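> My structure is below; once you've seen it, I'll send some questions.
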Amino acid sequence: MLERKPRKGRTEITFVLPADTPPGAVSVVGDFNDWQPGTHTLAPRGDGTRAVTIALPGKSTHSFRYLAAGDYWFDDDSADGHDGANSRLHT
């Protein structure tokens, strides 16, 4: 799930997943972090989910995917669209 907070000239995107699905560490990787795993790792929240927030430029489009333990790549069903194997989001 994606949560969005518009800010002046940028949008804060919070990437949210259930606490244990998939199990193990999960990071969001995309063109905004040069597809580097571990740069934006989701952390537990008090509501039983895990999340990470990234500030992205306003009025831009980005490709991303999630990477879980065991080299398990997956997409976000709540993304704005898909471009091949990647999820897409618009700020």
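In the working numbering, the protein residues as written are 1102 to 1192. All C-beta atoms, glycine included, are put in the ideal place defined by N, C-alpha and C. Note that the coordinates shown come from a computational prediction; the quantities given were computed from them, not determined experimentally.
Residues in the same chain with beta-carbon distance under 7 Å from Asn-1134, minus the five sequence neighbours each way, listed in chain order, please.
Same-chain partners within the cutoff: Thr-1140, His-1141.
> Keeping to the same chain, check which residues put their C-beta closer than 8 Å to that of Met-1164; ignore five residues upstream and five downstream.
Sequence inspection shows Ser at residue 1164; the Met mentioned does not correspond to that position. Cβ within range, chain order: Gly-1131, Asp-1132, Asp-1184, Asn-1187, Ser-1188, Arg-1189.
> If you draw a straight line from the alpha carbon of Gly-1171 to that of Ile-1155, how long is it in whole angstroms?
So the two alpha carbons sit approximately 24 Å from each other.
> Measure the CB-CB distance between Leu-1168 and Val-1153 and report whether it falls below 7 Å.
No, the pair does not count as a contact, with Cβ atoms beyond the cut-off.
> Kindly indicate which three-state DSSP category Asp-1135 falls into: helix, strand or coil?
If DSSP states are grouped into helix, strand and coil, Asp-1135 belongs with coil.
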